[in-house]
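Numbering (the working numbering), first residue to last: 1 to 230.
Every residue, glycine too, gets a C-beta built ideally from N, C-alpha and C.
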């Protein structure tokens, strides 16, 4: 709740209909009192998007809620794709939020001070071979990488394969941060190293940030130096 932006709160308050994943809507219950709520469950993104667009075409002001930032692994792109595919003329405003990688990084220190990339390890919408190629390229390029959806009850081996790819290019002592359920009551932060972080608890609610060859732990903070002269 502390990381909600004023613009996002204003957009929700100014809407008559609020559409979103039911868990996300619970987090903004204080903003939706008296509004029509349309909540759906997991794996119903396309249906949820259609409902939001249909209500917008009917003349309602709709807040279509995602977690973090709607344009980063969120619903903004799907809404635009669906509207274009069906020829629906719907004005869509993307309201920026705080992405999970940025929230996690702030808890850890300053790991994203230099070039970095975000990669989701979920292969529901992206072939695993494609994800592997991207990770291999990023590992070789010595970029800091924030891993979204690192592990689930069914996907338990992928994170180990990814760790192996990074270890080909970076020391085992490279800092790795694991932030889970950021912003929630059960928020948890663990600082580890590339050679040992797999022994820590990692879930679908975790963001894993892998440092580059210059990343360091400084007085308990995960920092990637930008290169300033001190």
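**OP:** Report the three-state DSSP secondary structure of residue 193 (helix, strand or coil).
**Re:** strand
Original post:
How about residue 95 and residue 29: are their beta carbons less than 8 Å apart?
Top reply: no
Original post:
Once you ignore the five residues that flank residue 165 on each side, which residues in its own chain have a CB closer than 8 Å to its CB?
Top reply: 132, 135, 136 and 139
Original post:
Taking C-beta to C-beta, are residue 162 and residue 121 nearer than 8 Å?
Top reply: yes
Original post:
Taking the C-alpha atoms as reference points, what is the distance between residue 204 and residue 102?
Top reply: 17 Å
**OP:** Mind listing, in chain order, the continuous beta strand (DSSP E) runs of no fewer than 3 residues lying wholly within the region 5–87?
**Re:** 17–21, 36–40 and 62–65
Original post:
For residue 120, does the three-state DSSP call read helix, strand or coil?
Top reply: strand
Original post:
Taking the alpha-carbon positions, what's the residue 53 to residue 219 distance?
Top reply: 49 Å
Original post:
Applying the criterion that 16 or more other CB atoms from any shown protein chain within 10 Å of the CB defines a buried residue, is residue 158 buried or exposed?
Top reply: buried
**OP:** Quick one: give me the first and last residue of the alpha helix (DSSP H) that residue 178 is part of.
**Re:** Run containing residue 178: none in the alpha helix (DSSP H); it sits in the beta strand (DSSP E), 175–180.
**OP:** Identify every residue that forms a DSSP beta bridge with residue 206.
**Re:** 180
Original post:
For residue 8, which residues of its own chain have a beta-carbon under 7 Å away from its beta-carbon, when the five flanking residues on both sides are left out?
Top reply: 95 and 97
Original post:
Between which two residues does the alpha helix (DSSP H) harbouring residue 133 extend?
Top reply: 128–140
**OP:** Select from 68, 150, 174 and 108 the residue whose C-alpha is nearest the C-alpha of residue 190.
**Re:** 108
Subject >> C-alpha gap between residue 212 and residue 224, whole angstroms >> reply: 7 Å
Original post:
What is the residue span of the alpha helix (DSSP H) that residue 218 lies within?
Top reply: Per DSSP, residue 218 belongs to no alpha helix (DSSP H); it is in the beta strand (DSSP E), 216–218.
Original post:
At a cut of 8 Å, does the region 36–45 reach the region 17–28 through at least three beta carbon pairs?
Top reply: yes
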